[in-house]
Amino acid sequence: MKVEVENVNTVKKVLHVEIPEEDVSRELEKAYRALKKNAKIKGFRPGKVPRSILERRFKKDVYTDVSGQLIQNCFFDALREAKLDPVCEPTINRPDIQEGKPYRYSATVEVRPSIGNLKLKGLKLKQEVHTVTDNEIEAQLKILQKRQAQLKTIDENRSVKNGDFVLIDYEGFRNNKPFAPAGKTENFLLQVGAGQVLEDFDQQLLGMEPGTTKEFPVRFPDDYYNKELAGLQVIFKVSLKEIKEEILPAIDDEFAKDLGEYQTLAELKEAIRKDIQNKYDAQSKYQLGQRIVDALIDQCDFELPEGLVQQELSAMVRNAREAMAYKGIPLKQSGLRENELRKKYRPLAERRVREHFLLQKVGEQVEITLTDEILDAAYKELATDIGQPVEAIKRFHQAHADAYEAFRERTLEDQAIKWIIENNTIERIEADKKGSEPVKEADSTGVRP
Numbered sequence: 000m001k002v003e004v005e006n007v008n009t010v011k012k013v014l015h016v017e018i019p020e021e022d023v024s025r026e027l028e029k030a031y032r033a034l035k036k037n038a039k040i041k042g043f044r045p046g047k048v049p050r051s052i053l054e055r056r057f058k059k060d061v062y063t064d065v066s067g068q069l070i071q072n073c074f075f076d077a078l079r080e081a082k083l084d085p086v087c088e089p090t091i092n093r094p095d096i097q098e099g100k101p102y103r104y105s106a107t108v109e110v111r112p113s114i115g116n117l118k119l120k121g122l123k124l125k126q127e128v129h130t131v132t133d134n135e136i137e138a139q140l141k142i143l144q145k146r147q148a149q150l151k152t153i154d155e156n157r158s159v160k161n162g163d164f165v166l167i168d169y170e171g172f173r174n175n176k177p178f179a180p181a182g183k184t185e186n187f188l189l190q191v192g193a194g195q196v197l198e199d200f201d202q203q204l205l206g207m208e209p210g211t212t213k214e215f216p217v218r219f220p221d222d223y224y225n226k227e228l229a230g231l232q233v234i235f236k237v238s239l240k241e242i243k244e245e246i247l248p249a250i251d252d253e254f255a256k257d258l259g260e261y262q263t264l265a266e267l268k269e270a271i272r273k274d275i276q277n278k279y280d281a282q283s284k285y286q287l288g289q290r291i292v293d294a295l296i297d298q299c300d301f302e303l304p305e306g307l308v309q310q311e312l313s314a315m316v317r318n319a320r321e322a323m324a325y326k327g328i329p330l331k332q333s334g335l336r337e338n339e340l341r342k343k344y345r346p347l348a349e350r351r352v353r354e355h356f357l358l359q360k361v362g363e364q365v366e367i368t369l370t371d372e373i374l375d376a377a378y379k380e381l382a383t384d385i386g387q388p389v390e391a392i393k394r395f396h397q398a399h400a401d402a403y404e405a406f407r408e409r410t411l412e413d414q415a416i417k418w419i420i421e422n423n424t425i426e427r428i429e430a431d432k433k434g435s436e437p438v439k440e441a442d443s444t445g446v447r448p
């Protein structure tokens with residue numbers, strides 16, 4: 000077997016392999032012997048069909064099978080001889096066999112980039128730290144208070160005011176016909192002025208009284224997420240059924256007890272403080288990790304295996320689609336095409352692949368070993384993050400070697416970040432909260448006017 004390597008670039012190689020003619024002939028003979036035992040051809044007894052007849056009938060299929068077998072027999076040996084370790088699935092060019100000649104094929108292989116030793120000490124790093132304020136705790140209390148609120152139908156005879164909750168039926172029309180994208184909806188509850196619906200729709204509800212019906216036009220913005228409605232004017236027929244007011248509970252010890260886990264308001268506030276602080280700490284840790292990656296990226300430039308970038312990009316696009324679907328927004332309605340999503344996430348995918356190689360290099364350079372203790376801690380953290388028992392995750396990894404390998408790689412990268420943090424002086428600065436948005440409840444989603 001002859002093996003030659005063509006360097007397309009630093010991470011992309013083409014492996015040219017030549018298999019001797021005698022090996023080809025041996026595999027062909029083996030294939031025809033196996034075929035001869037089982038071939039059923041009229042006029043011949045089983046096992047007595049001449050090879051010449053088999054060649055006329057099955058030559059194309061035999062050559063296809065044999066070429067695949069030849070590649071399977073020698074491909075990994077060829078990789079070892081060329082000292083190539085693919086980072087993703089190779090692309091094999093498999094030509095037809097030419098009888099009486101050596102068999103030549105090629106394989107495009109992508110490998111890890113070569114990265115020199117990195118400067119890992121004396122890095123200038125900053126980490127923002129956050130201290131939870133009383134205002135943030137109060138904001139969370141108000142959210143909990145709102146979730147515990149009760150809606151009471153107003154008995155008095157009055158019209159809708161800003162801030163009221165209203166129960167309505169509505170239907171959209173175009174050209175005096177029901178318009179499916181703005182279809183009939185019954186018992187829809189919304190708070191007027193809260194931004195749950197378009198402002199044009201919202202404002203038309205002001206002044207309505209229970210038991211009345213109103214028709215009015217609403218123009219959807221040109222960039223509205225539902226492209227079936229974007230830029231259109233729709234006539235809505237709305238019937239107001241009830242006006243409701245929100246009754247908020249007092250924020251006191253009884254309020255805390257009603258939540259089921261606390262005895263006093265002070266306990267509830269402390270739990271809120273810890274929860275907010277944990278989120279800030281996680282955010283701060285992530286940001287520091289990204290600054291470390293930035294510092295490593297600045298030290299060297301290298302080409303990336305396109306196959307790995309495409310794998311990472313596909314995962315990001317899939318996650319984006321799932322996130323939109325969870326919110327009730329199909330990709331078609333979002334206005335984004337598949338190729339636009341891939342273009343949008345391409346820089347992030349490239350960064351993630353670059354980050355992977357750099358942190359793996361750190362692990363090699365400082366000789367990080369994944370001990371049982373480190374892996375056990377990583378399992379516990381993962382179990383907390385996804386809400387699954389450690390043993391269940393381990394069983395999954397036992398059945399899915401690729402998932403286990405990805406887990407080990409992530410753990411090694413985390414340890415690389417940890418090593419850099421422990422071996423550098425981190426300047427910790429209080430985060431500037433000016434201009435930060437107050438905590439608020441998630442907006443309503445779905446196809447609403």
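Take 0 as the starting number for the sequence shown in numbering that gives the first Met the number 0 and just add one per residue. Every residue gets a Cβ at the ideal spot worked out from N, C-alpha and C, and that includes glycine. The model shown is predicted, which means the values in this text are computed figures rather than measured ones.
In the structure shown, what three-state DSSP assignment does residue i receive?
i      : result
GLU404 : helix
ARG93  : coil
SER113 : coil
VAL459 : Outside the modelled stretch of the chain, which goes from 0 to 448, sits residue 459, for which no answer is possible.
PHE356 : helix
GLU208 : coil
TYR285 : helix
ARG157 : coil
ILE449 : Given that the chain is displayed from residue 0 to residue 448, the structure contains no residue 449 and the question cannot be resolved.
ALA430 : coil
PRO346 : helix
ILE18  : strand
ARG336 : coil
LYS393 : helix
LYS226 : coil
PRO180 : helix
Can you check whether the CB of residue j is closer than 7 Å to the CB of residue i?
i      : j      : result
VAL131 : ARG427 : no
LYS236 : GLU337 : no
VAL108 : LYS12  : yes
ILE136 : ILE271 : yes
LEU267 : ALA255 : yes
VAL4   : ALA106 : no
PRO216 : ILE242 : no
ALA77  : LEU122 : no
GLY306 : ILE416 : no
LEU484 : TYR31  : The question about residue 484 has no answer, for the chain in this structure spans 0 to 448.
PRO209 : LEU228 : no
LEU303 : GLY362 : no
LEU419 : GLN126 : It is Ile, not Leu, that sits at residue 419 in the sequence shown. Cβ atoms of ILE419 and GLN126: not closer than 7 Å.
GLN282 : LEU117 : no
Run the CB neighbour count on residue i, radius 10 Å, all protein chains shown included, and call it buried at 16 or more, exposed below.
i      : result
HIS399 : exposed
ARG353 : buried
VAL61  : buried
ALA265 : exposed
SER66  : buried
LYS278 : exposed
PRO388 : exposed
ILE385 : exposed
LYS433 : Residue confidence for LYS433 is low, a pLDDT of 46 falling below 50, so the modelled location carries little weight; the figure read from the coordinates is stated next. Exposed, by the Cβ-count rule.
LYS360 : buried
PRO220 : exposed
GLY99  : exposed
GLN414 : buried
ALA33  : exposed
ASN225 : buried
VAL438 : Residue placement at VAL438 is flagged as unreliable, the pLDDT there being 37, under the threshold of 50; the coordinate-derived value follows with that caveat. Burial call: exposed.
ASP455 : No information on residue 455 is available, as it lies outside the stretch 0 to 448 that the chain covers here.
PHE406 : buried
Can you tell me which residues form a DSSP beta bridge with residue i?
i      : result
ILE425 : LEU124
LEU188 : LEU166
LYS11  : GLU109
GLY171 : PHE235
THR152 : LYS243
ASN6   : LYS12
LYS213 : VAL237
LYS1   : GLU17
ARG103 : GLU17
ARG218 : GLN232
PRO85  : VAL110
For the putative contact between residue i and residue j, defined by C-beta atoms under 8 Å, what is the C-beta separation to the nearest angstrom?
i      : j      : result
LEU188 : LEU166 : 5 Å
MET315 : ALA348 : 6 Å
ILE275 : GLN144 : ILE275 to GLN144, Cβ: 16 Å. No contact.
LEU312 : ILE114 : In fact, because the Cβ distance is near 22 Å, the residues do not count as touching under 8 Å.
ASP163 : VAL191 : 5 Å
ARG290 : LEU124 : 6 Å
THR184 : ASP199 : 17 Å between Cβ atoms; not a contact.
Report whether the distance from the Cβ of residue i to the nearest heavy atom of the ligand GDP is below 6 Å.
i     : result
ALA30 : Among the ligands in the structure shown, none appear at all, so the ligand GDP cannot be discussed.
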